[in-house]
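The next block holds one structure in the form of structure tokens; read it before the comments.
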Amino acid sequence: MTPEFSGIERRLDELNERLARLAPLQEKERTAFDEDPYLRDIVERNLEVAAQCCIDICNRIIVLEEAPKPQDYYEAIRRQGELGVLPPEFARSLAPLAGFRNILAHQYLRVDWDEVYTHLQRIDELNRFAQHIRQWLRRRSES
Numbered sequence: 071m072t073p074e075f076s077g078i079e080r081r082l083d084e085l086n087e088r089l090a091r092l093a094p095l096q097e098k099e100r101t102a103f104d105e106d107p108y109l110r111d112i113v114e115r116n117l118e119v120a121a122q123c124c125i126d127i128c129n130r131i132i133v134l135e136e137a138p139k140p141q142d143y144y145e146a147i148r149r150q151g152e153l154g155v156l157p158p159e160f161a162r163s164l165a166p167l168a169g170f171r172n173i174l175a176h177q178y179l180r181v182d183w184d185e186v187y188t189h190l191q192r193i194d195e196l197n198r199f200a201q202h203i204r205q206w207l208r209r210r211s212e213s
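Every number in the numbering used here is 70 more than the matching position in the sequence shown, counting from 1.
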């Protein structure tokens, strides 16, 4: 692990841990999710941390690539498509994750549980994000 990539790799490890915790919960029926506040809490917190890991990784890559500083987290994710780290369409589709993270972190009184459950069912996108980041790390390590 090179020092310049260590923060990214640590966050990838944390992202993988959070996704591993969420994966078995995807199988839960929506009614179980609605009826169990502890299950909702587990999903909410792990999604929040997973989203933050993605955002932190994006911001670090922007620094390493010496790209212009983004205005917000949404732009940080979207910029990965411009930098060739993520496919552009995937970066655009993933960028709303930033707003979702902000709601979980700051507007916790207005959490939309439908949206949380939807994000739980789409954690494969975060796995795909991690795969693209690992590919970028390999390319950067080889150059």
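Glycine included, C-beta positions come from ideal geometry on N, C-alpha and C.
In the structure shown, Gln141 falls within a coil segment according to DSSP collapsed to helix, strand and coil. Judged by their CB atoms, Arg88 and Tyr187 are not nearer to each other than the 8 Å cut-off. Shown here, Gly154 sits in coil according to DSSP, grouped into three states, outside any helix or strand. The continuous alpha helix (DSSP H) containing Pro107 extends over residues Pro107 to Leu134. Looking only at Ile173, Leu153, Leu95 and Glu195, the smallest Cα-Cα distance to Arg209 is reached by Leu153. Straight-line measurement puts the Cα of Asp184 at about 15 Å from the Cα of Gly169.
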